[in-house]
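Take a look at the structure below.
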Amino acid sequence: MRVFFAVTFVVLVGLSLLAWSIRPNVAEPGKTALTWVSDDNPARREQINLFNRLHKDLTLRLDPNNTGMEKVIVQSLAGVGPDLFDCYDTFQLSAYVKSGIAWDVTDELARLGLDPAKQTWKAVQADSIYEGRAYGFGNNVGADAVWFNKSIFDREGIPYPKGPWRWPEFIQLAQRLTHRDANGRATQFGFMCEWWQWLHFVYQFGGRVYSEDGTRCVVDSPETVAAVQLLYDLIYKYKVMPSPVEEAAMATQGGWGSGTITRFGADKGAMALGGRWWLCTLRDYKGLRLGVVECPYSVKRVFRGYGKGTLINKNSPRRQEALKFLIYQAGREYNQLISDQADALGPVVKFAYEPRYLLNPKHPEEDYNVVWRDALERATPDQYSPFINGQVALRLLNKQLDLVKNNQKTAKAAMRDAALQLNREIARGLEQDPELARRYRDITGRTAPGGAQ
Amino acid sequence: MTGKLRPGEARNRRDTVAALLFLLPNFLGFVIFTSGPVIFSLAASFTNWNLQQTVPFRWVGFENYGRLLADPEFHLYAVNTAYFLLGMPLAIAGSLCLAMMLSQKLKGIVVYRTLFYLPSFTSGVALMILWKALYNPDFGPVNAMIDWVTHSLHLSIAAPQWLLSTQNVLGLDVEKVGITAKQLGIGARDAIIIMGIWTAVGGNNMLLYLAALTNVPQELSEAAELDGAGPWQVFRNVTWPQLAPTTFFIVVMSFIGGLQGGFEQARVMTAGGPAGTTTTLAYHIYTKAFEEFQIGYASAVSWVLFALVFAATAINWKFGNREVSY
Numbered sequence: 001m002r003v004f005f006a007v008t009f010v011v012l013v014g015l016s017l018l019a020w021s022i023r024p025n026v027a028e029p030g031k032t033a034l035t036w037v038s039d040d041n042p043a044r045r046e047q048i049n050l051f052n053r054l055h056k057d058l059t060l061r062l063d064p065n066n067t068g069m070e071k072v073i074v075q076s077l078a079g080v081g082p083d084l085f086d087c088y089d090t091f092q093l094s095a096y097v098k099s100g101i102a103w104d105v106t107d108e109l110a111r112l113g114l115d116p117a118k119q120t121w122k123a124v125q126a127d128s129i130y131e132g133r134a135y136g137f138g139n140n141v142g143a144d145a146v147w148f149n150k151s152i153f154d155r156e157g158i159p160y161p162k163g164p165w166r167w168p169e170f171i172q173l174a175q176r177l178t179h180r181d182a183n184g185r186a187t188q189f190g191f192m193c194e195w196w197q198w199l200h201f202v203y204q205f206g207g208r209v210y211s212e213d214g215t216r217c218v219v220d221s222p223e224t225v226a227a228v229q230l231l232y233d234l235i236y237k238y239k240v241m242p243s244p245v246e247e248a249a250m251a252t253q254g255g256w257g258s259g260t261i262t263r264f265g266a267d268k269g270a271m272a273l274g275g276r277w278w279l280c281t282l283r284d285y286k287g288l289r290l291g292v293v294e295c296p297y298s299v300k301r302v303f304r305g306y307g308k309g310t311l312i313n314k315n316s317p318r319r320q321e322a323l324k325f326l327i328y329q330a331g332r333e334y335n336q337l338i339s340d341q342a343d344a345l346g347p348v349v350k351f352a353y354e355p356r357y358l359l360n361p362k363h364p365e366e367d368y369n370v371v372w373r374d375a376l377e378r379a380t381p382d383q384y385s386p387f388i389n390g391q392v393a394l395r396l397l398n399k400q401l402d403l404v405k406n407n408q409k410t411a412k413a414a415m416r417d418a419a420l421q422l423n424r425e426i427a428r429g430l431e432q433d434p435e436l437a438r439r440y441r442d443i444t445g446r447t448a449p450g451g452a453q
Numbered sequence: 454m455t456g457k458l459r460p461g462e463a464r465n466r467r468d469t470v471a472a473l474l475f476l477l478p479n480f481l482g483f484v485i486f487t488s489g490p491v492i493f494s495l496a497a498s499f500t501n502w503n504l505q506q507t508v509p510f511r512w513v514g515f516e517n518y519g520r521l522l523a524d525p526e527f528h529l530y531a532v533n534t535a536y537f538l539l540g541m542p543l544a545i546a547g548s549l550c551l552a553m554m555l556s557q558k559l560k561g562i563v564v565y566r567t568l569f570y571l572p573s574f575t576s577g578v579a580l581m582i583l584w585k586a587l588y589n590p591d592f593g594p595v596n597a598m599i600d601w602v603t604h605s606l607h608l609s610i611a612a613p614q615w616l617l618s619t620q621n622v623l624g625l626d627v628e629k630v631g632i633t634a635k636q637l638g639i640g641a642r643d644a645i646i647i648m649g650i651w652t653a654v655g656g657n658n659m660l661l662y663l664a665a666l667t668n669v670p671q672e673l674s675e676a677a678e679l680d681g682a683g684p685w686q687v688f689r690n691v692t693w694p695q696l697a698p699t700t701f702f703i704v705v706m707s708f709i710g711g712l713q714g715g716f717e718q719a720r721v722m723t724a725g726g727p728a729g730t731t732t733t734l735a736y737h738i739y740t741k742a743f744e745e746f747q748i749g750y751a752s753a754v755s756w757v758l759f760a761l762v763f764a765a766t767a768i769n770w771k772f773g774n775r776e777v778s779y
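Chains as they are written, first to last, in the numbering used here: chain A, 1 to 453; chain B, 454 to 779.
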C-alpha cells in the first residue's frame, strides 16, 4: 500500500511539472501581456486589436469574466488583479482609490502632455478624476436621447419628432403610438426606458440625490419626487411604458445589451430612451430604420451624462506598459474607432467636433450623430457623496424604486423613506469614521447631521 | 523502561508516522482552506475591517453583533430565510412518497428512478433560468395553466405575478417584520419555495429514503398484514418507525441547508428582489462583504447564522431524536 501511495505521489508531481512546462504562453516571445477587465461588448475586440497593432511589443487581452468592483478589488489586493480595469462612476472610483489599488497617474499623464480635466468630456471625468487627482483616462462617454423607429412612425403616418420638446407633447405622441389588443395586452409601446435611468429624470426636474456639499441625501425634495412620479405615471397613468409584468412578458435572455435594447429592436416600442452605444446591438437588426431626437425636458434642459474610465492597477508589475493604453485612449485612432463603432462617444472632446464624427461613411443612414454630441454638451455627471458607501445607497434607493415601480408605494413615500435611510447611513458612517467626521465638520460646522455646533 | 522498543511497537510507530504523513496533505488543506478561514472570520467579526480602508482598522468587540441585532434589514432577511423553510416538510413528504413509489418492484423502475433524480445532477443555474421562464407572468406555462383552469371554472382570479411580486402566503410585510393584508397572496418567495420543493422531492432525500426502505424487514410488514393491518396501518406502525433515523437525518440536514440557502436563487433569479423579499441571510452576507466591502460586519452575520444553524440542529437533536429508535 505504501508503495502504491508513493508511486501515486511521484506520478502526480511528475504530471504537475509536465503541465507547468507546457502551459500556454500568455504572450508571444518578446511581448508583454496586459490584461484588461472590461465588459464583453462586441466592439471591445476591435479596440484591443487596434491597440495591439499600434503596440508591437504588447499583447492586450480582454477579461470579461472578472468585471465587477468587488472582484477587481479583492483580486488586486490579493496580487492577482488585472493590469487595467474599467470604472463606471465616482463611487467606484473612490472605492478603488480608498482600497489602494488605483494608481495615481496625474504626474505621468502631465509629463506626456495629457490633462483629462481639460481634454475629456465632463461626464467621464467623474470616472477617472478623484479629488483633483487623475487615476485613469476616459474610455467612452455619452448622454441618453430618444431613439425612434422610423418604420412605425411611417406606418402610422406620424411625422418624426423634433427637439427640443417638453414632456406633455411627448406623452401625447407616446399615447398615439401605444396599441393594445382586445384583452388590454400591449402590442406596441409608445415608449420604453429602464428604471436605472431615473436620474436622467431627476436632473431635468432640478432634483438632486445629495445636497451640493454631499452631506445630506435630498431625494425627498419635491423636484426628485416629481421626477419619480413621472416615471410611475408613464407606466400606470399614461400607460405608454411597460409595467414590470409587461416587461417580464417581453423578456429576452442572454447576450450583451439585452433587455430594452432588444425589445426596442424587435419593434415592441416606437420610442426608447437610450444611448448611442445601443447601435453596437441595433446595427445587427436588419431593416430597422432609426432616428434620434433629444429627450423631452421638464424644468431644466439637462441630461444625465455617464461613461467609463480605465484605471491602472497600482499593484501591477506592468504599470508603465499599461500607461500606454491610457495614451492610446487619448489619441485620434482610438476616438475615431469608438465613433465608428458607435460605442457611445470617444472620451476626448475635440475629436467629436471633427467632420468625420458627424458622418460615418460606412453608415451614412446615421445622420443623427449631432444629437448625441449636443446632449453630451448639456450633460451633468452623477452626483456623489463621500459620506456614504455608494453600494449601500444604491441598494436602499433601488428597494424604494422597486416598490414604486411595482405600484406598492407612492413616489413621495418611497423617496421620503429613502432619504431617511440614506441620511441614517450617513450619520452612522460619521460615527465610525473620524476622518469622515472631521471632513463633515469642516464643511458643515456640525459634528453630526442635526448635531451641535 | 529501557528506552528500547519491542519489534511490534517499533512497527506500530512506523505505521503511525507513515499514516500521519499520508494524512498531512489533506490535513494541511483543511487547516489552510477550511478551519483557518473559519477562525479568521470569527476574529474579523470583532473588527471594523472594511476593504475600502476609509476607517482605521481596529477591534470593535461586539459592536458588529450589537449593530446587526438592531438592524431592521437583518431582521427582515432572517424572516425571509425562515420563510423559505416552510417548503421543507412538503419536500420531505414528497421525497418519501416518491421513494415509496419507486421502491416497487416494477419493470423499468431504474429508468423512473433516473428520471426523477435528473434535476439533482442538472446545473442549478440552468434549472433556475428554466423556472424563471416558467414563472413568466404573461406567457409562462404556469400562468397559462392557471388561466386555463380559472377560465374553465368561470372564476375571476388573477394569476400570480410570481417573481415580480412582493406578496406571500403569510402576508409578511416588505419593510418591517410583521404581517399586513396588503401583502397576502402569492409572490417571489413562494415561487422559489415551489421550485425548491420540485428540486428536492426527487433529490438526495429520495435516494436516502429509497435506501432506508430496502432495509425495512419484509417479515415485519408481512406479519402486520397477516394480523389484518391495512396498507396505511402497515405504513404508520411498521414502515414509518423504521424510517425514523433516516427522517431525522434528513430533517436535520434540510434545516441546515435551508438556513444556509437562498444564495443561488437570489443571484440568478431575482437579485434579492423585488424590494429585498428574496434576500436571505446567505445573500445578505455576500452583499455586505463583496458589494459593500464591510467584511467585519458580514463576518458577524455569518457567525450569527452559524449560531442559528447550531441552535436549530441542537433543538432538532434534543426533541427530534426522541422519536428515533435504532
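A virtual CB, placed ideally from N, CA and C, is assigned to each residue, including glycine.
Fair warning: this is a prediction, and the values are worked out from it, not measured in the lab.
Asked	Found
Can you look up Thr732/B in the DSSP assignment and give me helix, strand or coil?	coil
Quick one, which of Ala644/B, Gly638/B, Arg566/B has its alpha-carbon nearest Trp615/B's?	Ala644/B
Report the neighbours of Phe189/A on chain B: residues whose CB is nearer than 9 Å to its CB, in chain order.	The premise fails here: Phe189/A is roughly 14 Å from chain B at the closest Cβ pair, so nothing lies under 9 Å.
Please list the terminal residues of the continuous alpha helix (DSSP H) segment that includes Met192/A.	Note, Met192/A: premise wrong, no alpha helix (DSSP H); beta strand (DSSP E) at 186-192.
Mind listing which residues of the segment 83-106 of chain A have their C-beta closer than 7 Å to chain B's C-betas, in chain order?	Ala95, Lys98, Ser99, Gly100
What span of residues does the alpha helix (DSSP H) with Ile158/A cover, start to end?	From DSSP, Ile158/A is part of no alpha helix (DSSP H); its letter is neither H nor E.
Using the Cβ count rule (16 or more neighbours within 10 Å means buried), how would you classify Lys499/B?	At residue 499/B the sequence reads Phe, which differs from the Lys that was named. Buried, since its Cβ has 16 or more Cβ neighbours within 10 Å.
Measuring straight from C-alpha to C-alpha, what distance separates Gly255/A and Phe264/A?	Below a pLDDT of 50, predicted positions are generally treated as unreliable, and Gly255/A, at 42, falls in that range; the measurement from the model is reported next regardless. So the alpha carbons of these two residues sit roughly 15 Å apart.
What does DSSP give as the partner residue(s) for Lys308/A in the beta ladder?	Asn140/A
May I have the straight-line CA-CA distance separating Gln320/A from Glu156/A, to the nearest angstrom?	57 Å
Quick one: grab the DSSP three-state call for Tyr297/A.	strand
Measure from the C-beta of Lys399/A to each C-beta in chain B and report whether the shortest distance is under 8 Å.	yes
Quick check: the Cα distance between Pro449/A and Arg216/A, rounded to an integer number of angstroms?	8 Å
Hey, does Glu717/B have any beta-carbon neighbour from chain A nearer than 8 Å?	no
So the alpha helix (DSSP H) Val754/B belongs to, where does it begin and stop?	748-768
Expressed to the nearest angstrom, what Euclidean distance is found between the alpha-carbon atoms of Ala612/B and Asp591/B?	9 Å
Do you know whose CA, among Gly142/A, Pro116/A, Asn140/A, lies nearest Gly132/A's CA?	Pro116/A
Does DSSP classify Val489/B as helix, strand or coil?	This sequence places Gly at residue 489/B; Val is not what is there. Residue state, collapsed to three classes: helix.
Around the Cβ of Met69/A, are there at least 16 other Cβ atoms within 10 angstroms (buried) or fewer (exposed)?	buried
Spatial neighbours of Ile48/A within its chain, please: C-beta separation below 8 Å, excluding the five flanking residues on both sides.	Trp36, Leu60, Arg61, Leu62
With a cut-off of 8 Å, does the C-beta of Gly726/B fall near any C-beta of chain A?	yes
Please classify Gln341/A: is it buried, with 16 or more other beta-carbons within 10 angstroms of its beta-carbon, or exposed?	buried
Whole angstroms are fine: how far does the CA of Arg441/A sit from the CA of Gln453/A?	Legend: pLDDT at Gln453/A = 39, less than 50; position of this residue unreliable, value from coordinates given subsequently. Roughly 9 Å separates the two Cα atoms.
With C-beta atoms as the reference, is Phe701/B less than 8 Å away from Gly656/B?	no
Kindly indicate which residue of Lys324/A, Leu17/A, Trp278/A has the alpha-carbon position closest to the one of Leu114/A.	Lys324/A
Is any beta-carbon of chain A found at less than 8 Å from that of Pro613/B?	no
For Leu326/A, which option in Lys71/A, Ala270/A, Gln119/A has the closest C-alpha, if you only look at C-alpha atoms?	Gln119/A
Which of the three DSSP states is assigned to Val146/A in this structure?	strand
Which residues in the same chain as Gly451/A place their Cβ atom closer than 7 Å to its Cβ, once the five residues preceding and following it in sequence are excluded?	Below a pLDDT of 50, predicted positions are generally treated as unreliable, and Gly451/A, at 45, falls in that range; the measurement from the model is reported next regardless. Hits under 7 Å: none found.
State the Cα-Cα distance for the pair Asp536/A and Gly547/B, rounded to the nearest angstrom.	Examination of residue 536/A is not possible in this model, given that chain A is present from 1 through 453 alone.
Under 7 Å: does the beta carbon of Leu84/A sit that close to some heavy atom of the ligand COA?	The ligand COA is not among the ligands present in this structure, which contains no ligands whatsoever.
Can we say the segment 373-392 of chain A touches the segment 297-313 of chain A, given the rule of at least three CB pairs closer than 8 Å?	yes
Where does Gln253/A fall in DSSP's three states?	Here Gln253/A scores only 44 on pLDDT, less than 50, and its place in the model is too uncertain to base an answer on.
Taking Pro364/A as the reference, which of Lys71/A, Lys162/A, Arg283/A, His55/A has the closest Cα?	Arg283/A
Can you name, in chain order, every residue of its own chain whose Cβ lies under 6 Å from the Cβ of Arg276/A, other than the five neighbours on each side?	Gly142, Ala342, Ala344, Trp372
Say whether chain B places a C-beta atom closer than 8 Å to the C-beta of Tyr440/A.	no
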